[in-house]
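Data block below; observations after.
Numbering (full-length UniProt numbering), first residue to last: 1 to 756.
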């Protein structure tokens, strides 16, 4: 083989006066390649069957490598000479006359005819065969080491087309160092003008060489991109990286670096459009990060220089923080549309709790701005060929930027401090808006983490044993730690809101709760206020109810529907436990009038939550069960106490009476605290013959009513004898507090109803 190799290349293969000799020498080259292919098959078989002969195999490999070391350089040199004889490369810039005629660059490959076309085809096929042999040998050697060879789009024959072009364009590039956009424009124009000819002429030759998976268009575009990225790495980025360490020039370097990356991203998209020209894509394929093959990206310059990648990430992060700072200075950054959530219907459609947009989450504009900035950083690295480097860039830029914004959210909450026992409306709005922003960011990050591209990056990080701070419950999400932090922020501040609302309710109702003797009285005197419904509320309980109602409606308008649903249910549960423990289970004795008044107060409490639920009492299970026991007839009380004496059936007995949330011991205690007296309807009775409600006198301007109105509504007038029951009511004059008290104890008070 060594002797034949010398004979093949001893003469001039491009001697046009002797075409038969050219063909004969190309045939000899193919025979040499075929012989080495046979040797490769034998080596592969022996390596599998007789691995102990590794030293013999190394000796054979060394002799084959020596032969290839002679064949390849000579074959490439002869191919270059052939291209030069064909007039390659053509003129890269057109004259003014050609520009006026709108003519494209002439393509010598398309203009080849006859013997020239035949000789080029033979040389192209010989290079393809030689490259295929080299690929097989490298794949075998890497397989023995347990490594996999990365897919390479390049073809030696097409690289030889680009090599003389690179020598010519470098002269133009040197003049455009301060305006790199012209470099990208020139490379794109050359690639576009020749891609059709390359595909038409070379793709049939690739198919004839049986190179499976090779594309002439991809190889051509990849070679042109590598040419440009090589120049950028050598002349442009290396200079910027050196100047980045200089403090005086840092701002200028940052601007130039960002501008260059913008040009690279736009250029990669243009080159991908050339590759995809005439190739149908599946639906959704364009959204994949892997849309652009590994070799078709000028960002590949960062694959060999991780230090440049870190500089790029720092620059992107600083630029994003600068934009965020400017956005935060805008007074509208935290504004939301409170009218959107001003109405709450008890029969809401389930779709209203499926939040997707920023408006659905009631998040402020700053949250959407942060998401857009983050996504822009992620998109700028999507053509980075190496998936691990892509993940590293996102960790160093977008992920850190999100942590910075989360600190802003936390600080925004801390600036709105809660006062013990008193909750300001502005504080509620500020904290609610921050919670909405956190909820919206969590929703977006969950969507991103479920995308196949982020799943692949997370798997690549796990496979490479990169230490990323993760939790066992992060579901394998790329942004798992960020999502966990946002959930904690929402939970902590929702609990803070709930705790302060309950603390404020306790403060405002403290006098009412501590006055245990009032529930045992038969006469409540002036300690009642008429509300918007047909029952009377204790005067010292109205303020707590009114403040709670007002602030719940503020939260409803500012907080997203999911968090508000959890919040008001938690508040209801807290009030249920508070009232049950501080009033009912505090050895309070209830008279008949006290039971009626307690029931009226609790129904007023239920009324506040009726805007959020059709059955608000269901969220006060302990109070509801207590009212059932307090309002139970005397015969039922005796039966229940008898059943409770049987320890085996205590729980089942309570269920028969609809008592589901109070223990048997608590039930016995409540029943013991019932006074054996008659129950009265407090200051009102039903006139069965005439069908109207008569309300006893109440004091004007005593306390604000539950619905926020200062003056109580006038009681309906009794029906007149000359008209129908629908006649206009006659307003009853409001008496003084002394007259009101006398009227309540006058002989005309409503008849007593026995506790039977």
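We put the beta carbon where it would ideally sit given N, CA and C, even for glycine.
- Fully enclosed alpha helix (DSSP H) runs of no fewer than 4 residues occupy 96-100, 108-111 of the stretch 70-125, in order along the chain.
- Residue range 536-538 is occupied by the beta strand (DSSP E) that includes residue 538.
- For residue 327, the enclosing alpha helix (DSSP H) covers residues 306-328.
- Per the coordinates, the alpha-carbon of residue 478 lies some 16 Å from the alpha-carbon of residue 381.
- Note on geometry: alpha-carbon atoms of residue 404 and residue 451 lie some 24 Å from one another.
- Remark: C-beta atoms of residue 267 and residue 184 approach each other more closely than 8 Å.
- Secondary structure of residue 661 (DSSP, three-state): coil.
- Assigned with DSSP and collapsed to three states, residue 588 falls in coil, not helix or strand.
- In the three-state scheme derived from DSSP, where H, G and I count as helix and E and B as strand, residue 419 is classed as strand.
- Taking C-alpha positions only, residue 508 is separated from residue 428 by approximately 18 Å.
- When DSSP reads this structure, residue 672 sits in no beta bridge, so it has no partner.
- Annotation for residue 55: no residue places its beta carbon closer than 6 Å to its own, counting only its chain and skipping 5 residues before and after.
- Restricting attention to 29, 253, 128, 138, the CA atom closest to the CA of residue 40 is found in 138.
- Following the DSSP letters along the chain, one finds residue 478 in no alpha helix (DSSP H), marked with neither H nor E.
- By the 16-neighbour rule on beta-carbons within 10 angstroms, residue 256 is buried.
- For residue 624, the enclosing alpha helix (DSSP H) stretches over residues 621-630.
- DSSP, reduced to helix, strand and coil, places residue 154 outside both helices and strands of the structure shown, so it counts as coil.
- Nearest C-alpha to residue 307 among 66, 241, 322: 241.
- A direct Cα-Cα distance of roughly 28 Å separates residue 205 from residue 230.
- Taking C-beta atoms as the reference points, residue 520 and residue 589 count as a pair closer than 8 Å.
- Counting along the chain, residue 256 sits inside the alpha helix (DSSP H) bounded by residues 250-275.
- Rounded to whole angstroms, the gap between the alpha carbons of residue 362 and residue 332 is 14 Å.
- In the structure shown, the three-state DSSP call for residue 212 is coil.
- Counting along the chain, residue 299 sits inside no alpha helix (DSSP H), nor does DSSP assign it H or E at all.
- In this structure, residue 616 sits near residue 606, with a CB-CB distance shorter than 8 Å.
- For residue 393, the number of other beta carbons within 10 angstroms of its own is at least 16, and it is reported as buried.
- Taking the Cα positions, residue 499 is about 14 Å away from residue 564.
- Scanning its chain for C-beta atoms nearer than 7 Å, with the 5 sequence neighbours on each side dropped, one finds around residue 160 the residues 76, 79, 80, 83, in chain order.
- Under the three-state reduction of DSSP, residue 381 is assigned to coil, being neither helix nor strand.
- Using a Cβ distance threshold of 8 Å, residue 421 and residue 556 do not count as a contacting pair.
- Excluding its 5 nearest sequence neighbours in each direction, residue 390 has C-beta neighbours in its own chain below 8 Å: 289, 381, 382, 384, 457, listed in chain order.
- Proximity of the stretch 204-224 to the stretch 307-316 falls short of the contact definition, fewer than three beta-carbon pairs being nearer than 8 Å.
- Between the beta-carbon of residue 86 and that of residue 116 there is about 6 Å, and that keeps the pair under the 8 Å contact cut.
- Fully enclosed alpha helix (DSSP H) runs of no fewer than 4 residues occupy 480-508, 510-514 of the stretch 474-519, in order along the chain.
- The alpha carbon of residue 396 has as its nearest neighbour, out of 489, 358, 313, the alpha carbon of 313.
- Around residue 277, the same chain offers 195, 217 as residues with beta carbons nearer than 8 Å, after the five sequence neighbours per side are excluded.
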